[in-house]
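> Our numbering puts the first residue of the sequence shown at 1253, with every later residue one more than the last. The C-beta atom is built at its ideal place from N, Cα and C for all residues, glycine as well. Since the model is a prediction, treat every value here as computed from it, not as a measurement.
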Amino acid sequence: QALLTIGLSALGALRGAVSAPGAMSLGGQFAMSAASAAASNVGSSVGQAIGKPLDSSTTSRKSSGGSSEINWTNFNYPPLIRIIHYSLEQLPSALTGIVRLFNLSFILTVVSCLLNFLDTLIIVGSSDASFKWIIQSGLHLLLLPAAALATFYCGYRGLCEPDMSLASRFKMAQPVLGSIYLIMAIVPFGCVHGLVELGSIGEHTRGQGSGFWTVAIFVESSLWLANAILALVNTIRAAKWDSINGGGAPLSSGRF
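(1) Does DSSP classify Tyr1408 as helix, strand or coil?
(2) State the DSSP-derived secondary structure class of Glu1455, mapped to helix, strand or coil.
(3) In the DSSP output, what is Phe1441 paired with across the bridge?
(4) Would you decide whether Glu1413 is buried or exposed? Buried here means 16 or more other CB atoms lie within 10 Å of its CB.
(5) Could you check what DSSP says for Tyr1433 in three-state terms: helix, strand or coil?
(6) On the CB-based measure, 16 or more other CB atoms within 10 Å of its CB, does Lys1492 come out buried or exposed?
(7) Can you give me the C-alpha to C-alpha distance between Ile1496 and Asn1486, rounded to a whole angstrom?
(8) With DSSP as the reference, identify every bridge partner of Ile1336, one or two as the case may be.
(9) What residue range is occupied by the uninterrupted alpha helix (DSSP H) comprising Ser1382?
(10) Considering only residues of the same chain and omitting the five flanking positions on each side of Leu1447, which have a CB-CB separation below 6 Å?
(11) For Glu1413, list the residues DSSP reports as bridge partners.
(12) For Leu1360 and Arg1409, what's the separation of their Cα atoms in angstroms?
(13) Return the CA-CA distance between Ser1357 and Glu1341, expressed in angstroms with no decimal places.
(14) How many angstroms separate the CA atom of Lys1314 from the CA atom of Met1416?
(15) Use the C-beta contact count for Phe1441: other C-beta atoms within 10 angstroms, 16 or more gives buried, fewer gives exposed.
(16) What is the C-beta distance between Leu1393 and Cys1365, in whole angstroms, given that I count them as a contact (C-beta under 8 Å)?
(17) Assign Leu1482 to one of three DSSP states: helix, strand, or coil.
(18) Using a Cβ-Cβ cutoff of less than 7 Å, which residues in the same chain neighbour Phe1470 once the five nearest sequence positions on both sides are dropped?
(19) Taking all protein chains shown into account, do 16 or more other C-beta atoms lie within 10 angstroms of the C-beta of Leu1343, making it buried, or fewer, making it exposed?
(20) Please report the distance separating the alpha-carbon of Leu1477 from that of Thr1325.
(21) Once DSSP output is grouped into helix, strand and coil, what is the label at Gln1342?
(22) Suppose contacts are defined by Cβ-Cβ distances below 8 Å. Is Phe1354 in contact with Phe1404 by that definition?
(23) What separation, rounded to the nearest whole angstrom, lies between the Cα atoms of Leu1197 and Ser1345?
(24) For Ala1425 versus Asp1494, is the C-beta spacing smaller than 8 Å?
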């Protein structure tokens, strides 16, 4: 919850840093506005979920061999930070594949943002690219994973508990994030190295080009594009699960 608050504050700083004319393209402004809305909307819902009263923070799953309880206050994820509860072992088999893909989208977001930050450090240090790119990339590294984590948690807990409010928020937020990922795969703005940036590398390297920069564009764009496709798949699978199970996982089903 605190991480999301910091992320939203960082977004405000980012807007101020790039508010000068020409500092960021129209596509970049749209992407960051969408990210702000996604983080604000989903962040409030995940905060409410984590802050539920203790008597509603465990979900019992009966099975032929006994029972398994999900203690939502047993914070164990992500590693080191540990601000939510996550365990595939406590899910019915029908849900494990869906939730695993929800989590994969979050992981891809973290990897993509971290890679972009490292690439941007190298690019700025070896070209005429603006130092602001490093600041922007650092803020992306804070904001986007926070929004992706909140979205993942809403989908995971929304289907598992079940909680129609959280599940609905996931189905709204995941397509928004998917759209952002698609934009970042194509449109270059600031530190974001979309495919279109291939035609403008020479502007920052005095016409000499850069093999590293070219590879970075292809790798980062591929990751963002894969995540955009995954976001679409996750949205469809969540909607399909709702249509079949009436909005959530049946509490009587188990994998044990």
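Taking the geometry as given:
(1) Helix at Tyr1408.
(2) DSSP places Glu1455 in helix when its eight states are reduced to three.
(3) Under DSSP, Phe1441 shares a beta bridge with Val1444.
(4) It is buried - the Cβ of Glu1413 has at least 16 other Cβ atoms within 10 Å.
(5) The DSSP-derived three-state label of Tyr1433 is helix.
(6) It is exposed - the Cβ of Lys1492 has fewer than 16 other Cβ atoms within 10 Å.
(7) Looking at the two C-alpha atoms, the distance is approximately 15 Å.
(8) Ile1336 pairs with Tyr1329.
(9) Note, Ser1382: premise wrong, no alpha helix (DSSP H); not H, not E.
(10) Close CB contacts of Leu1447 within its chain, under the 6 Å cut and outside five residues either way in sequence, are with Ile1438, Ser1473 (chain order).
(11) None; Glu1413 has no bridge partner.
(12) Cα-Cα distance, rounded: 20 Å.
(13) So the two alpha carbons sit approximately 19 Å from each other.
(14) Bear in mind that the predicted position of Lys1314 carries a pLDDT of just 39, short of 50, making it unreliable; the figure below should be weighed with that in mind. C-alpha of Lys1314 to C-alpha of Met1416: approximately 21 Å in a straight line.
(15) So Phe1441 ends up on the buried side.
(16) So it is a contact: roughly 4 Å between Cβ atoms.
(17) Helix at Leu1482.
(18) Taking Phe1470 as the centre and dropping the five residues before and after it, the same chain places no C-beta closer than 7 Å to its C-beta.
(19) Buried, since its Cβ has 16 or more Cβ neighbours within 10 Å.
(20) Per the coordinates, the alpha-carbon of Leu1477 lies some 34 Å from the alpha-carbon of Thr1325.
(21) Looking at Gln1342 - three-state DSSP - the assignment turns out to be helix.
(22) Cβ distance < 8 Å, so Phe1354 and Phe1404 count as in contact.
(23) Residue 1197 is absent from the structure shown; the chain starts at 1253 and stops at 1508.
(24) Not a contact, by the Cβ cut-off of 8 Å.
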